[in-house]
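Colleague: Just dropping this structure here.
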Amino acid sequence: MIKELAHRINTFDYYFEMSDDASKFNSGSHEQYLINTQLQKMDDFTLEALRELITKDLTLTNRYFNAI
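Spelled out as C-alpha cells, the structure:
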C-alpha cells in the first residue's frame with residue numbers, strides 16, 4: 111500500500127491545474143482528493159515511511175498533499 115501510494119505521488123501530474131483540458135483538470139483534482147483521503151488515514155510512522163519513498167521535492171508535494 112505504501113509503495114503504491116508513493117508511486118501515485120511520484121507520478122502525479124503536478125501541472126494539471128494549468129491544463130486547458132477540463133477532463134485533465136477534473137482527473138487531476140480527483141486523483142489529488144483520493145491521495146489526500148488515503149494520507150489522512152495514515153499514522154505518523156506510516157507517513158514517515160512514505161516520505162522516504164517519495165522522489166519528488168517535498169515542497170512541491172506539500173502544495174497538493176497536506177499530510178506529507
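If you count the sequence shown from 1, you need to add 110 to reach my numbering.
For each residue, glycine too, the CB sits at the ideal point set by N, CA and C.
These numbers were taken from a predicted model, which means no experiment stands behind them.
(1) Check each candidate in 115, 146 and 120 and name the one with the smallest Cα separation from residue 165.
(2) For the alpha helix (DSSP H) that contains residue 125, what are its first and last residues?
(3) With distances taken Cα to Cα, identify the nearest neighbour of residue 127 among 140, 154 and 162.
(4) By the 10 Å Cβ neighbour count, where 16 or more other Cβ atoms means buried, how is residue 147 classified, buried or exposed?
Modeller: Taking the geometry as given:
(1) As a working mapping, residue 165 is identified with position 55 in the sequence shown. Ranking the options by Cα distance to residue 165, first place goes to 120.
(2) As a working mapping, residue 125 is identified with position 15 in the sequence shown. Careful: residue 125 lies outside any alpha helix (DSSP H) and carries neither H nor E.
(3) Working through the sequence shown from its first residue, we reach residue 127 at position 17. When only C-alpha atoms are compared, the closest one is 140.
(4) Reading the sequence shown from its first residue, position 37 is the one you call residue 147. Exposed is the call here.
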